[in-house]
Each structure stands twice: as structure tokens, then as C-alpha cells.
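Participant: The structure's right below; bear with me while I get my questions together.
Residue numbers (the numbering used here): 40 to 449.
Here you go:
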């Protein structure tokens with residue numbers, strides 16, 4: 040979907056209402072189950088503020104940050120919205136996010152201390168709160184149980200239970216799956232690992248190998264751990280031919296690939312998939328267990344017309360009750376919700392024992408890397424990473440070129 044679509048939820052009767060107000064709120068989902076949940080938050084907010092209407096605007100995730108930036112720069116700011124973790128430092132440094140601390144402290148029974156401090160790291164500075172994380176969601180392996188059975192292979196959960204689910208086994212079973220079924224062994228997140236999901240493709244294997252893409256203002260792409268991890272991926276794409284290559288579509292959710300990497304919010308797509316499936320932890324590597332967490336927060340934009348009202352709505356959306364309701368799709372940052380049996384039983388599509396994989400990864404994982412110059416870093420990386428995804432590419436040289444390009448920005 041290339042153009043922005045608008046979903047209007049919970050429209051109130053505004054005629055004759057004194058002080059009626061409309062909030063514009065940007066999101067990147069169009070999923071019916073997600074929208075139903077969001078609609079419920081608006082309904083309960085209107086019970087307290089019947090004069091308020093909320094209009095949700097859905098912007099596709101691949102275009103989200105760019106289009107949101109255009110809206111802010113063009114004098115057409117939304118009042119509030121979702122924000123991805125890689126954009127948080129950039130937007131905070133640019134001064135476009137409102138401090139939510141006054142509204143959160145004012146909200147009765149809010150209990151801000153219930154939020155995990157590590158989960159708040161990207162969204163706070165001193166006593167200022169620039170966003171409230173609503174999704175602290177680790178990446179997991181989605182797998183097609185039917186294809187594993189057809190290939191006569193143990194599935195990732197069975198291998199993990201035996202302590203054998205590592206990157207070497209991941210490569211081995213991916214190739215066997217392709218050879219036995221004719222389907223791709225693995226597909227990058229949303230099929231966009233060569234484009235908008237570059238970091239989602241590279242971070243898990245690099246972290247598993249004990250490396251990082253950058254840390255302490257130093258590029259890590261050219262370090263031995265990262266080179267080894269990316270070389271393995273390259274071999275899987277071009278030698279094993281088990282990973283969906285550039286220019287082709289695998290579409291795990293339609294049965295075109297045996298495995299993919301994603302977050303549990305995508306489980307809402309699985310009832311229509313037509314095959315048995317499950318989720319499993321990421322494969323381990325030389326670096327041990329290294330879960331990677333994607334995070335998203337709810338923010339209020341300083342240029343919005345309804346800042347105080349928008350902040351009040353954010354406080355309402357992130358109460359303990361509403362965080363618990365959202366936990367079926369978006370793993371929480373509130374400790375009381377994450378530690379509860381209700382969380383592991385919150386998603387009727389995912390068995391509790393597999394939801395424990397999610398909770399365990401949250402407790403052990405690290406959020407995807409972020410930087411206040413993330414847009415420039417990603418733009419500088421793109422052509423060098425594109426050069427990597429060729430059959431005859433020199434992986435080490437390509438990754439060294441990435442470091443040469445981004446080191447001045449770090």
C-alpha cells in the first residue's frame with residue numbers, strides 16, 4: 040500500500056457539543072483486530088471525555104517515519120501517534136516531541152514506576168518523558184509446522200528444547216527445507232530485509248555471533264563477529280539458496296516460506312494462513328542467547344493543536360488495564376502485566392508455553408540500536424548494503440565500506 044489510508048474510529052456526535060475536539064493520531068497498522076482494540080480505548084476515553092473524537096490515520100510502516108516527518112515539516116502535524124524505536128532519538132533531539140511527564144503524573148492511579156526502566160531508556164531524559172512504550176516486542180521465529188513435518192525435520196521449538204537451536208542448525212534446516220519441499224527455508228521480516236528492514240535482517244545474526252552494528256560511537260559492521268554472521272547469511276542466499284533472494288517474494292504467511300522472523304502482533308494474520316504453525320526463540324550463536332527487541336512508543340507532537348488533550352489520551356491508553364488489553368498483540372513494558380499469568384494467556388492464537396518464549400526474550404534481550412542521526416546513518420548504509428547482496432560480493436569489503444560511510448555520523 041503506497042498511499043496513506045485513513046481509518047476513522049469511534050466518531051462521536053459533535054453537533055452542539057461545547058468544547059468538542061478532534062485528535063489526529065497516526066499509526067502503522069490496518070489490522071482489524073488491532074483497530075478494534077484501539078477503538079475500545081477511544082470508547083472508554085469518551086466515557087470520561089464525551090466531547091472528544093479521535094481520528095486514526097494509518098501510514099504503511101515502510102513509509103511511516105518519512106511521511107510523518109513530511110507532515111511535521113509541512114505544518115500539518117498530527118496531535119499524537121506511534122513512533123518506532125530508531126526514530127525516537129532523532130525526533131527527541133529535534134524538539135518535536137512534547138514532555139508527557141506532567142500528564143502522566145497527574146493521571147490518577149497511573150503508577151509510572153510500574154514501567155521497566157530499561158524499556159524507558161529511549162523515551163526519557165532526566166525527568167522528561169518523550170514517549171510511552173506500548174510495544175516492547177522481541178523478534179521470534181515463526182515457522183510452518185506442516186513444512187517441517189513434510190521435510191521430516193524437528194521444528195525450532197523441539198530443537199530449542201534440546202539446546203540445539205543455533206545458527207549452524209538454522210542454516211542446516213533451512214537448506215533441507217528448501218531441498219525437500221521446494222519452498223524457501225527462510226524469509227526476512229515482511230519480505231523487506233533488503234530494503235526497509237535492513238537492520239531487522241542483520242541485527243539478529245550479528246548479535247547471536249557476539250557482535251554489534253555500532254556501540255560507544257564505534258562501527259561494528261567490520262568486526263570479525265559481524266563479518267562471520269553476514270557471511271553466513273550471504274551463503275544461505277546465494278550458495279544454499281534457502282533464503283528468499285533480492286527481487287523475489289517468499290510470503291511466509293501464504294505458505295511460501297517455512298520460516299520468517301517477526302513479532303507476535305503478526306500472529307493476527309495466522310488464522311487465514313491455512314497451515315499449522317508456531318513461534319520459537321531466535322537461534323543462538325557464539326554470543327549465546329541474544330534476543331533482539333523492537334520497540335514502539337506513543338508520543339505527542341509539540342506542534343499539534345491539542346497537546347494537553349493528546350497527552351491525557353496517551354495516559355489513558357497506557358494505564359495498567361489498557362496495557363493488559365494490548366498485551367495480546369504488543370508485549371508490555373509494565374512489569375506487573377509482563378510478570379502475570381494473564382500475559383502468557385493473553386493471545387488466544389499462541390499457546391502459553393510459546394508466549395513464555397516472548398516473556399523470556401524481553402527479560403534477556405536488547406532493543407534494536409537507535410541513534411539521533413538514524414535517518415542519515417541508514418541512508419549512508421543503503422548503497423553499501425545493496426552491494427553486499429550480490430552473488431560475487433566480497434562480504435568483508437562491503438561491510439568495511441559500511442563502516443567507512445557511517446563512522447563520521449556515529
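For each residue, glycine too, the CB sits at the ideal point set by N, CA and C.
Could you name the residues that DSSP lists as bridge partners for residue 442?
Facilitator: For residue 442, which the question treats as bridged, DSSP gives no partner whatsoever.
Participant: Taking only the alpha-carbon atoms, compute the straight-line gap between residue 137 and residue 346 and give it to the nearest angstrom.
Facilitator: 8 Å
Participant: Once the 5 residues before and after residue 63 are set aside, which same chain residues still bring their CB inside 7 Å of it?
Facilitator: 94, 96, 117, 118
Participant: In angstroms with no decimal places, state the Cα-to-Cα distance between residue 213 and residue 313.
Facilitator: 21 Å
Participant: Just the Cα atoms here: how many angstroms apart are residue 202 and residue 208?
Facilitator: 11 Å
Participant: Determine, using beta carbons only, whether residue 173 and residue 409 come nearer to each other than 8 Å.
Facilitator: Their beta carbons are not under 8 Å apart, which means residue 173 does not touch residue 409 by this criterion.
Participant: Compute the distance between the beta-carbons of residue 382 and residue 400, then report whether it is under 8 Å.
Facilitator: no
Participant: Nearest to residue 246 by CA position, among 150, 205, 84, is which residue?
Facilitator: When each option's Cα is compared against that of residue 246, the closest is 205.
Participant: Who are the Cβ neighbours of residue 240 in its own chain at under 6 Å, not counting the five residues just before and after it?
Facilitator: 227, 232
Participant: By the three-class DSSP mapping on this structure, what secondary structure does residue 360 have?
Facilitator: helix
Participant: So within the region 100-175, which uninterrupted alpha helix (DSSP H) runs reach at least 4 residues, ignoring any that extend past its ends?
Facilitator: 103-112, 127-132, 140-145
Participant: Would you kindly work out how many angstroms separate the C-alpha atoms of residue 386 and residue 375, rounded to a whole number?
Facilitator: 17 Å
Participant: Pull up the distance between the alpha-carbon of residue 225 and that of residue 87, whole angstroms please.
Facilitator: 48 Å
Participant: Compare the C-beta of residue 361 with all C-beta atoms of chain D and state if any pair is closer than 8 Å.
Facilitator: Annotation note: the requested chain D is absent from the structure, which comprises a single protein chain.
Participant: Whole angstroms are fine: how far does the CA of residue 85 sit from the CA of residue 307?
Facilitator: 27 Å
Participant: Buried or exposed: which applies to residue 265, given that a residue is buried once 16 or more other Cβ atoms fall within 10 Å of its Cβ?
Facilitator: buried
Participant: Enumerated in chain order, which unbroken segments of the beta strand (DSSP E) with a length of 3 residues or greater are wholly contained in the region 398-437?
Facilitator: none
Participant: Quick one: residues in its chain with C-beta nearer than 6 Å to the C-beta of residue 446, no 5 flanking neighbours on either side, listed in chain order?
Facilitator: Shown here for residue 446: same chain residues with a beta carbon closer than 6 Å to its own, the five before and five after excluded, namely 258 in chain order.
Participant: Do you know how far the Cα of residue 448 is from the Cα of residue 109?
Facilitator: Computed Cα separation, rounded: 22 Å.
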